[in-house]
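**Q**
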Amino acid sequence: MKQILKLLSCITLLSIAGCDSKPPSRYSVIWQKPDADSTEVAKALLECGKPTPYNADPENSRLGFGEWAIIHTCMLQSGFHYRSENGKWCEDCQDDRIPVYPLSGAFIPQRSVERRLNSPYCKKYKNALECQP
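Take the sequence shown: its position 57, counted from the start at 1, is 85 in our numbering, and no numbers get skipped.
(1) Per DSSP, which one or two residues make a beta bridge with H109?
(2) Against chain C, does Y153 count as a neighbour if the rule is that its beta carbon must be under 8 Å from one of theirs?
(3) Please determine, among R143, Y149, I58, the residue with the shortest C-alpha to C-alpha distance to F108.
(4) Which first and last residues belong to the alpha helix (DSSP H) in which S66 is found?
(5) What separation, rounded to the nearest whole angstrom, lies between the Cα atoms of K78 and N155?
(6) Classify L157: buried if its beta carbon has 16 or more other beta carbons within 10 angstroms, exposed otherwise.
(7) Counting C-beta neighbours from all protein chains within 10 Å, is the total for K71 16 or more, i.e. buried, or is it exposed?
(8) Can the beta-carbon of P62 be found closer than 8 Å to that of I98?
(9) What residues in its chain sit with their C-beta under 8 Å from that of A64, if we drop five residues either side in the sequence?
(10) Just confirm the distance between the C-beta atoms of Y149 and T67, as a whole number of angstroms; I'd bet it's less than 8 Å.
(11) Assuming R139 contacts E75 (C-beta within less than 8 Å), just tell me the rounded distance between them.
Now the structure itself:
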């Protein structure tokens with residue numbers, strides 16, 4: 029009985045240790061574009077300036093409202109849309125206080141492979157599909 033308990037404890041510890049390096053859930057699942065899989069969506073998010081395609085990553089919590097608006101507008105300009113009707117973040121806002129609102133004439137950067145490859149996510153996960161040139 030003690031051997032079985034030790035074996036189960038060992039398996040549990042190894043399982044927990046193996047999950048430590050897995051990134052949290054994807055932010056990319058709320059975006060869609062015809063013929064774009066989840067890897068393509070994640071690449072677009074990184075190329076638009078999102079530090080990582082995952083929600084719970086601390087890098088994303090450092091972004092300000094203006095940076096989120098830039099990423100969102102870049103994704104829209106790249107042909108992506110939200111999957112849900114109620115997820116329209118700033119598509120209809122008309123607030124001139126938002127520094128990057130598309131009608132204000134602000135510069136919205138285009139997608140950049142260099143930005144993606146130099147993102148915090150790709151520096152950490154060099155072999156991830158999203159981080160391949």
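Quick reminder that beta carbons are idealized off the backbone N, C-alpha and C, glycines included.
**A** According to the structure shown:
(1) The residue labelled residue 109 in the question sits at position 81 within the sequence shown. Its beta-bridge partners are Q60.
(2) Considering every chain present, this structure includes no chain C. It has just one protein chain.
(3) Walking along the sequence shown from the start, residue 108 turns up at place 80. The option with the nearest alpha carbon to F108 is I58.
(4) Here the question's residue 66 lines up with position 38 in the sequence shown. Counting along the chain, the alpha helix (DSSP H) containing S66 begins and ends at 66-75.
(5) By one-based count along the sequence shown, residue 78 stands at place 50. By one-based count along the sequence shown, residue 155 stands at place 127. Between K78 and N155, the C-alpha separation is close to 18 Å.
(6) On the sequence shown, residue 157 is found 129 positions in, with the first residue counted as 1. The residue in question, L157, is exposed, as its Cβ has fewer than 16 Cβ neighbours within 10 Å.
(7) As a working mapping, residue 71 is identified with position 43 in the sequence shown. K71 should be labelled buried.
(8) Against the sequence shown, residue 62 aligns to sequence position 34. Against the sequence shown, residue 98 aligns to sequence position 70. No, they are not a contact pair.
(9) In the sequence shown, residue 64 corresponds to position 36, counting from 1. Once the five neighbours on either side are set aside, the close Cβ partners of A64 are A72, F108.
(10) In the sequence shown, the residue the question calls residue 149 occupies position 121. In the sequence shown, the residue the question calls residue 67 occupies position 39. Rounded, the Cβ-Cβ distance is 13 Å, inconsistent with contact.
(11) Residue 139 sits at position 111 when you count from the first residue of the sequence shown. Residue 75 sits at position 47 when you count from the first residue of the sequence shown. Indeed they touch by this definition, with Cβ atoms about 4 Å apart.
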